[in-house]
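First comes the structure, then the notes that go with it.
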Ligand SMILES: [Zn+2]
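Residue numbers (the working numbering): 5 to 221.
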């Protein structure tokens, strides 16, 4: 049986839509006006910075390792909230002398203010998944104060974000005035998660949406 909608119901629906519209328009904008370093036919002869940083906006940074440093040339994302910051993936190079990832990320973090013993706001390092080109830089962040690195195995991913019924449900990370939704997206990798930033509307799917991506390293 199809219930006939009363004018009252339509009014309520209309009101909800009207309320939803300003929420949509409150997304913090950013710029994708960037030219990514394309590498070189002979990298030895061409000086290239190992890492490129694009400020999408004042609190959102897109980082990419140079194709001359690693053929994977992976992207990483730094999201800054009012109390915490979040780095999604750590790229394909472990050695900080070749790839100063931690140094670059920490330089982008805002000061922690009056918090005793801290100079930068805390950083959480997470991953989309555990393939090596997304986590080889982890060692640069481990054993540093105010930095937490979340391992990529399924047990840690489930426990850290809080997925009692993996892969069902959506978890949240609160960076302070900035909520990040954490969405289970296994398939490309058993503990793969994607991230949705409610502040900018950006969705970080990593390799999950690539067609027929093989299980590489
Ligand atoms: Zn992968």
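The beta carbon of each residue, even a glycine, is placed where N, CA and C say it ideally should be. All of these numbers come straight from a predicted model, not from anything done at the bench.
Residue state for residue 193 is assigned as coil, using DSSP reduced to three classes. As for any beta strand (DSSP E) of minimum length 3 sitting wholly inside the segment 149-202, the runs are 151-153, 175-178, 183-188, 197-201, ordered along the chain. Here the alpha carbons of residue 148 and residue 199 stand approximately 24 Å from one another. The beta carbon of residue 183 lies closer than 6 Å to those of 176, 202 in the same chain, with the five residues before and after it left out. Distance from residue 140 to residue 109 at the Cβ level is roughly 14 Å; contact not present, criterion being Cβ atoms closer than 8 Å. Not one heavy atom of ligand 1 is found less than 8 Å from the C-beta of residue 195.
Going by beta carbons, residue 73 and residue 102 fall inside the 9 Å limit. In the three-state reduction of the DSSP assignment, residue 214 falls in the coil class, being assigned neither a helical nor a strand state.
Distances taken from the Cβ of residue 137 to the heavy atoms of ligand 1 include one shorter than 8 Å. Straight across, the Cα-Cα distance linking residue 158 with residue 213 is about 20 Å. The Cβ atoms of residue 55 and residue 90 do not sit closer than 9 Å to each other. Within the segment 62-125, the beta strand (DSSP E) runs of at least 3 residues that lie entirely inside it are, in chain order, 64-69, 79-84, 89-92.
Around residue 174, the same chain offers 185, 187 as residues with beta carbons nearer than 6 Å, after the five sequence neighbours per side are excluded. Spanning the alpha carbons of residue 93 and residue 44 requires a straight line of approximately 25 Å. For residue 192, the distance from the CB to the nearest heavy atom of ligand 1 is below 8 Å.
In the structure shown, residue 136 adopts helical secondary structure according to DSSP, grouped into three states. For residue 58, the pairing in a beta bridge is given by DSSP as 66.
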